[in-house]
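Here is the structure we will look at.
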RNA sequence: GAGCCUGUAGCACAGUGGAUAGGGCAACGGCCUUCUAAGCCGUAGGUCGGGGGUUCGAAUCCCUCCAGGCUCGCCA
């Protein structure tokens, strides 16, 4: 149980009100608007009816009713305006949490709560032969952050990049490559080369409609196992994966499975047969559909009137396969909200097919990225490539680094950590459902609530620790004494300590809500609190007996910032 | 037309039943002979889209209207 929950239970055990359980009390506890008021508050308004007393009197009476032994567990218990405010001894809290963090280090916040449970997460899910653009960022980064937090809490996370690696576009690419392609150029230029011949195909097809027939024929050949077609297709796929791997690496994004549409191509028939046998399907306008009008949804189309399968068919097959292979506890789809209906439909079909695990399927939607002049469109050529954004961010970091810290070595490596961090942090800052209007000004902002701010805070902390000239592993082996802890007898330290205590709760909150931005914002709060502490309290030249406690607080800040950023896929430079 | 989502300061956002609605950017004014100023402090900026309701208490829940976005059987 987290420290916060333990503290709530301690409070609940001190309060007794007729017909109200300890758990109820614990659930009613809130955080006061200011830490000065206390750590937890019990609003007494709703007891007024049962107890037939005013909330003010109830709070006063409850405060009186607490036994001396129980009162000693707190620094103060004060009734104010109908609230009963509890404050724990801040130095005692500091002692415990610092001991835990310094012992566990990056393992602080880890748990085994997810042991034995597998979570499939479908994210990024790119199309072969197309470059990563800014619109791919959300799915990739949100999915990756959830993946890492699940692992931190002991789950067996399975990262799945459901590749868009099948379809008539490969017929077009094969025809285009046979007509105008050059293998050496393809291997050199990679995805941009594929984009180029793909665009050329569309241009030429305007005047030569027969190209489209050729493309269809080429795709048919691919499906039928034609060696030449398969060879080209394999090269296209390999080159795309090699190209995007560079970006995934720099973003610290990992996948355990790359099974995409091609993989599920031969796994749809049994699913369709099963749905047919269950009498869930019917023929409508020559298409095979599952009618969902009882659930106020349009039908889920499984087979088109021309005999081809669809996205939904493949997703159903993929769901069956994932349950069979991984026996998941949950299966997440980090996919834009445009597909809300699609997922509602396939989850409903699974439910109708009697799959109890249909309830474990979760669509994690996020907002769309558009440009200031409207939606992105590959055809119009107004796409922002992810690589370009990252490169620009790194370059900007390098310029700032050169001007602010000209003496540093390895500037390129440091700038990469800062620049990439800025982009990722930006993408994880807001609630995922919010739409984003892309702007270089905003994504390349390095002041205020940004990755560079947090990274800089960590660098400050690290610098202090370095200047201590001690072996940190040995320096903190003995527990802090009460006299040493007095170095933390100030508002700034108390705020940091209370934030540290929340870290485990923040991680479970991220998973409960599938919302990495909760962690992003938390890290900002920690950085802000440390900067205030750092400004108001000397560490290196503090009175001797205060040094070790303040250094411990600094070290703990460093540990939590590093671990928090790592879970978001962001590096922490040692200097900047 | 229907369904879902969003609407909080000039801008982009946090807060989703509790105390005086919070941070950031932009603006203005301060703080570097002391641990990294990518920092810190202060000032200014609000009909929480409008209206009605529920509640001791509503930005938060319900109803309704307005604005914007997404989706609505053979794309993914």
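Residue numbers (the working numbering): 43 to 618. All C-beta atoms in this analysis are idealised placements derived from N, C-alpha and C, irrespective of residue type, glycine included. These numbers come from a predicted model, not from an experiment.
Check: Straight-line gap, residue 163 to residue 424 (C-alpha atoms, nearest Å); Outcome: 30 Å
Check: Runs of alpha helix (DSSP H) wholly within the segment 397-425 (minimum 4 residues, chain order); Outcome: none
Check: Contacting residues, own chain, Cβ-Cβ under 8 Å from residue 443 (five flanking each side not counted); Outcome: 450, 453, 456, 457, 460 and 618
Check: Buried or exposed by the 16-neighbour rule on C-beta atoms within 10 Å, applied to residue 311; Outcome: exposed
Check: From 515, 509, 489 and 410, residue whose alpha carbon lies closest to that of residue 469; Outcome: 410
Check: Supposed contact pair residue 184 and residue 165 - C-beta distance, whole angstroms, cut 8 Å; Outcome: 7 Å
Check: Continuous beta strand (DSSP E) assignments of at least 3 residues falling wholly in the segment 147-216; Outcome: 160-164 and 198-202
Check: Residue ranges of each beta strand (DSSP E) within the segment 285-331, 3 or longer; Outcome: 323-326
Check: Host beta strand (DSSP E) of residue 74 (start-end); Outcome: No beta strand (DSSP E) contains residue 74, which DSSP labels as neither H nor E.
Check: 8 Å contact criterion, which residue 237 and residue 341 should meet: CB distance rounded; Outcome: Not really, about 35 Å apart at Cβ, beyond 8 Å.
Check: Span separating the alpha-carbon of residue 503 from that of residue 561; Outcome: 20 Å
Check: Minimum C-alpha distance to residue 529 - residue among 566, 478, 596 and 351; Outcome: 596
Check: Residue ranges of each alpha helix (DSSP H) within the segment 484-561, 4 or longer; Outcome: 493-509, 514-517, 524-527 and 533-555
Check: DSSP beta-bridge partners of residue 126; Outcome: 84 and 121
Check: With 16 other Cβ atoms within 10 Å as the buried cut-off, status of residue 222; Outcome: exposed
Check: Contact between the segment 74-91 and the segment 136-151 (3+ Cβ pairs under 8 Å); Outcome: no
Check: Close Cβ partners of residue 471 (< 8 Å) along its chain, the five nearest in sequence each way excluded; Outcome: 491, 559, 562 and 563
Check: contact_flag[the segment 474-484, the segment 492-502] where n(CB pairs < 8 Å) is 3 or more; Outcome: no
Check: First and last residue of the uninterrupted beta strand (DSSP E) at residue 375; Outcome: 372-376
Check: The segment 261-279 / the segment 198-214 touching (three or more Cβ pairs under 8 Å); Outcome: yes
Check: Range covered by the alpha helix (DSSP H) that runs through residue 385; Outcome: 382-394
Check: Collapsed DSSP secondary structure at residue 351 in the structure displayed; Outcome: strand
Check: Cβ-based neighbour list, residue 604, same chain, cut-off 8 Å, excluding 5 preceding and 5 following; Outcome: 148, 500 and 614
Check: Residues of its chain near residue 440, where Cβ-Cβ distance is below 8 Å and the 5 sequence neighbours each way are ignored; Outcome: 453, 454, 457 and 461
Check: Distance, residue 102 Cα to residue 396 Cα; Outcome: 56 Å
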